Structure formats: structure tokens, C-alpha cells
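Trainee:
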Amino acid sequence: GNSVTQMEGPVTLSEEAFLTINCTYTATGYPSLFWYVQYPGEGLQLLLKATKADDKGSNKGFEATYRKETTSFHLEKGSVQVSDSAVYFCALIYNQGGKLIFGQGTELSVKP
Amino acid sequence: DAGVIQSPRHEVTEMGQEVTLRCKPISGHNSLFWYRQTMMRGLELLIYFNNNVPIDDSGMPEDRFSAKMPNASFSTLKIQPSEPRDSAVYFCASSLNRVYEQYFGPGTRLTVT
Numbered sequence: 001g002n003s004v005t006q007m008e009g010p011v012t013l014s015e016e017a018f019l020t021i022n023c024t025y026t027a028t029g030y031p032s033l034f035w036y037v038q039y040p041g042e043g044l045q046l047l048l049k050a051t052k053a054d055d056k057g058s059n060k061g062f063e064a065t066y067r068k069e070t071t072s073f074h075l076e077k078g079s080v081q082v083s084d085s086a087v088y089f090c091a092l093i094y095n096q097g098g099k100l101i102f103g104q105g106t107e108l109s110v111k112p
Numbered sequence: 113d114a115g116v117i118q119s120p121r122h123e124v125t126e127m128g129q130e131v132t133l134r135c136k137p138i139s140g141h142n143s144l145f146w147y148r149q150t151m152m153r154g155l156e157l158l159i160y161f162n163n164n165v166p167i168d169d170s171g172m173p174e175d176r177f178s179a180k181m182p183n184a185s186f187s188t189l190k191i192q193p194s195e196p197r198d199s200a201v202y203f204c205a206s207s208l209n210r211v212y213e214q215y216f217g218p219g220t221r222l223t224v225t
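So the protein lines, in turn, are chains S and L. Start counting the first sequence at 1; every next residue gets the next number (our numbering). Start counting the second sequence at 113; every next residue gets the next number (our numbering).
Pasting the structure below:
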């Protein structure tokens, strides 16, 4: 079945460090891929998306590229801030009528 | 514009009691989702409504759980009787046409003792 695997957290970085959170997926066909972010005490928010191979999603300095050959959608940011501390969820949807399938989430903690 | 509204934000109850969680989706949205989040199991989709009709309830854990959406602006998730293993954060989310672009409420933290 369709599934998403993320690197385990927590990930602890210093402010201005480079961030990578790995995400790989298993799916039949070509799903659409997403990153959601959950700030402390809040619900999830859509951060970025990519709907086909080689697409790059970007928002708030975060980027992720849909790599079909490696079935990956790694999240990157060049310089993290304390305010980026949150839990990040990778997700996929196989078709418009399907369900969002979430990874287990990766907690990011950024220290000043 | 108000986001998804959930009530209560926190609920503590004793095993065997009935619990009702409430959700008001964003006005105009036509899909509504109930999720459960725990450390052990992560984020699980419980049930999904489209135009007030349940489309997929395969994630509802057992008969103790039930969900209704009597109109486009209100939904409930009921657990009767509650058990300690139901302790979790329950999220409601809504979307307009795009299933992937869901707007989440702040969640209800349920503790069953």
C-alpha cells in the first residue's frame, strides 16, 4: 500500500544551520507530495506541495523536490530560525479522491 | 475569517463516560476530516465527510466511536464508552474541493483516566 517514511527526530540545530529532513514514499503510480508543519499547541498547516516528478515546492524559505527516481521528497532550508521549531510531516495523496497519508512526523528544535 | 473551531480544547473524563468533541469547519468548505494523534501511532484519519456525507470511515477504531455531520457547519465525534487508550489529541480539518489542502483546527486533548 501507499506509505511515507520520515527520518526520526528530534533534530536539533543551531540558528542559521542548514536543515534537511528526509522523506521517502511508497506508492503505486505517481502521487502528489506535501509537507505540513505543526507548531507547538497548534494544528497542522500546509507548508508546500509538488504534484509531479521534478516539481519543486517552496514556501517560507523551505524547499522540497519531487524525485521519482529515488521516491523521495526531502525538506530543506538554508538557514533555520528559532521560530522554525515545530514538527514536520511529509504526506502523499494518490489521487484527488484519496486520503492524505502522513509520515510519522519529525520534530525540529532550533537553538539560539 | 475564522479558522476551524474545535471544542473543548481539553477534556478529562473517567473511563466509561461518554465524550463528545465538536468541530465547526471553515465556512464554505465542503470536506471535513477527523484525525487522532498519539505518540505511538502518529496521525490517523478516523473519518472523512464530503458535502456532509461520510465517505470513508475505515479509520474509526471500533463501534464505540461515531461521527455525525448534521449540516455544513457542524460535526461531532462521540466516544461511548471511553477508555484510557482513547487518550489522544483529536483534530478536525476542513477543505474546499482539494483534499490535500486541509486546514486543521487547534485540536482537542482528551485524557481518559
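No residue lacks a Cβ here, since even glycine has one placed at the ideal position from N, Cα and C. Computed from a prediction, not measured in an experiment: that's the story for all the values here.
Can a CB atom of chain S be found closer than 8 Å to the CB of L/Tyr212?
Mentor: Yes, its Cβ sits closer than 8 Å to a Cβ of chain S.
Trainee: Closer than 8 Å by beta-carbon distance: list the chain S residues that pair up with L/Pro120, in chain order.
Mentor: Chain S residues near L/Pro120: none, gap ~15 Å exceeds 8 Å.
Trainee: Does the Cβ of L/Arg121 have 16 or more other Cβ atoms within 10 Å, making it buried, or fewer, making it exposed?
Mentor: Counting Cβ neighbours within 10 Å, L/Arg121 comes out exposed, since fewer than 16 surround it.
Trainee: Compare the Cα-Cα distances from L/Gln192 to each of L/Ile167, L/Asp198 and L/Val131 and report the closest residue.
Mentor: Of the listed residues, the one whose Cα sits closest to L/Gln192 is L/Val131.
Trainee: Checking 8 Å against the spacing of the C-beta atoms, do S/Ser85 and S/Leu108 come in under that value?
Mentor: Yes; because the gap between Cβ atoms is below 8 Å, this pair is in contact.
Trainee: Which residues in chain L sit within 7 Å of S/Glu42, going by Cβ to Cβ distance?
Mentor: The answer, in chain order, is Pro218.
Trainee: One question on the structure: do L/Ser185 and L/Ser143 come within less than 8 Å of each other, judged by their Cβ atoms?
Mentor: No. Outside cutoff.
Trainee: With distances taken from CA atoms, which of S/Ala50, S/Pro112 and S/Phe62 is nearest S/Val82?
Mentor: With distances taken between Cα atoms, S/Val82 lies closest to S/Pro112.
Trainee: Using 8 Å for Cβ pairs, my map puts L/Met172 next to L/Leu158. What's the rounded Cβ distance?
Mentor: Rounded, the Cβ-Cβ distance is 5 Å, consistent with contact.
Trainee: Starting from the C-beta of L/Tyr147, find all residues in its chain whose C-beta is less than 6 Å away, skip the five residues before and the five after it, and write them out in chain order.
Mentor: Correct list, in chain order: Leu155, Leu157 and Phe203.
Trainee: With burial defined as no fewer than 16 other Cβ atoms inside 10 Å of the residue's Cβ, what is the status of L/Met127: buried or exposed?
Mentor: It counts as exposed.
Trainee: Applying the criterion that 16 or more other CB atoms from any shown protein chain within 10 Å of the CB defines a buried residue, is S/Gly78 buried or exposed?
Mentor: The residue in question, S/Gly78, is exposed, as its Cβ has fewer than 16 Cβ neighbours within 10 Å.
Trainee: Please compile the residues from chain S whose C-beta is within a distance smaller than 8 Å of the C-beta of L/Glu161.
Mentor: According to the sequence as given, residue 161 of chain L is Phe; it is not Glu. Neighbours of L/Phe161 on chain S: none; closest Cβ ~13 Å, over 8 Å.
Trainee: Which residues of chain L have a Cβ atom closer than 9 Å to the Cβ of S/Ser32, listed in chain order?
Mentor: By Cβ distance, chain L contributes Tyr212.
Trainee: Closest to L/Val201 by C-alpha separation, out of L/Asp175, L/Arg153 and L/Thr220, would be which residue?
Mentor: Nearest option by C-alpha distance: L/Thr220.
Trainee: Counting only beta-carbon separations shorter than 8 Å, does S/Gly1 have a partner in chain L?
Mentor: Cβ-Cβ to chain L under 8 Å: no for S/Gly1.
Trainee: Excluding the 5 residues flanking S/Gly61 on each side, which residues of the same chain have their C-beta closer than 6 Å to its C-beta?
Mentor: Lys77.
Trainee: Any idea what DSSP makes of L/Pro166, helix, strand or coil?
Mentor: If DSSP states are grouped into helix, strand and coil, L/Pro166 belongs with the strands.
Trainee: Of the choices S/Ala27, S/Leu47, S/Tyr30 and S/Gly29, whose alpha-carbon is the least far from that of S/Tyr139?
Mentor: A query on residue 139 of chain S cannot be resolved here, the shown segment of chain S reaching from 1 to 112 and no further.
Trainee: Are the beta-carbon atoms of L/Phe145 and S/Leu44 separated by less than 8 Å?
Mentor: Cβ distance not < 8 Å, so L/Phe145 and S/Leu44 don't count as in contact.
Trainee: Here's a check: name, in chain order, each residue in its chain whose Cβ is nearer than 7 Å to the Cβ of L/Pro218, leaving out the five neighbours to either side.
Mentor: Cβ within range, chain order: Gln118 and Arg121.
Trainee: Using a cut-off of 8 Å between C-beta atoms, extract the partners of L/Asp168 located in chain S.
Mentor: Those are Lys99, listed as they occur along chain S.
Trainee: Hey, how far is the Cα of L/Val116 from the Cα of L/Thr188?
Mentor: Roughly 13 Å between the two C-alpha positions.
Trainee: Could you tell me which chain L residues have their CB closer than 9 Å to the CB of S/Gly78, listed as they occur along the chain?
Mentor: Going along chain L, no residue has its Cβ under 9 Å from S/Gly78, so there is no contact; the nearest lies around 26 Å.
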